[in-house]
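Below: one structure, written as C-alpha cells.
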Amino acid sequence: MSIWSEIRRKFKMTKFGGSVQQLPDSWWNWENNRFSPDDIVADPFKALGATPIVRAINIVAGDVARTPIEIQRHEEGNRWETCDEYPKLTEVLNEIPNSHFSSHEFRRWMTATMMLWGNSFALISRVGGEVDELIPVRPWDMTLLPDTENGGWYY
0 MSIWSEIRRK
10 FKMTKFGGSV
20 QQLPDSWWNW
30 ENNRFSPDDI
40 VADPFKALGA
50 TPIVRAINIV
60 AGDVARTPIE
70 IQRHEEGNRW
80 ETCDEYPKLT
90 EVLNEIPNSH
100 FSSHEFRRWM
110 TATMMLWGNS
120 FALISRVGGE
130 VDELIPVRPW
140 DMTLLPDTEN
150 GGWYY
C-alpha cells in the first residue's frame, strides 16, 4: 500500500473536513503492549503536527507550483495542441492569479490543501466573460449543496 493511500485511508473526510472523533481511551493495546495504527483517528490538523507529512506535502506542492501551466486543446487524431485563444487565462494561471498571491504561492496553496483535505477550491472572478482572478477558498469553508432547479450539485 502506498503512503498516499495510507494517508487517504486515515483522513476519512466528514462534513467539517476532518474526523470529529477523539483518540479512544484504548489507543494503546495494554495486553500486547503495542501500539496499533488503526487505533488512531487522524485529521488534517493532526497531520500538520507530523514532520514527515509536512515535509512530503511541502516537497510535492513546491514541485507542482514550479511547473508552468499550458492550455491545450484536443484535436482530431487524438492529439493535443497548444491553445492561444485564452491569453488572459494563461496569464492568470502562470503569472498573477490575484492581487494577494503569486502564481507559485497560489499553486502551492491549491496543491497543499488538496493533499491535506482531499480537495482545493478557487473562486473564479470574471470581467467581461474572461477569467480575471482566481481566489483560493479554504476547503473547510465549502459546503456541497443540491441544485433543485437544474439537478446536480454546487458548492
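With numbering that gives the first Met the number 0, the residue at position 73 of the sequence shown is 72, and numbering never jumps.
Beta carbons: idealized from backbone N, C-alpha and C, even for Gly.
{"Query": "Same chain, Cβ closer than 6 Å to Thr110, five either side skipped, listed in chain order", "Result": "Ala60, Val63"}
{"Query": "Secondary structure of Arg137, DSSP reduced to three states", "Result": "coil"}
{"Query": "Residue burial classification, Arg65 (beta-carbon count within 10 angstroms, cutoff 16)", "Result": "exposed"}
{"Query": "Span of the alpha helix (DSSP H) around Ile52", "Result": "50 to 65"}
{"Query": "Opposing strand residues paired with Tyr153 [DSSP bridges]", "Result": "Leu144"}
{"Query": "Per DSSP, the bridge partner or partners of Trp79", "Result": "His73"}
{"Query": "Cβ pair Pro135, Trp108 closer than 8 Å", "Result": "yes"}
{"Query": "Stretch-stretch touch, CB-based, cutoff 8 Å, three pairs: the stretch 117 to 130 with the stretch 82 to 91", "Result": "yes"}
{"Query": "Backbone secondary structure at Leu47 - three-state DSSP", "Result": "coil"}
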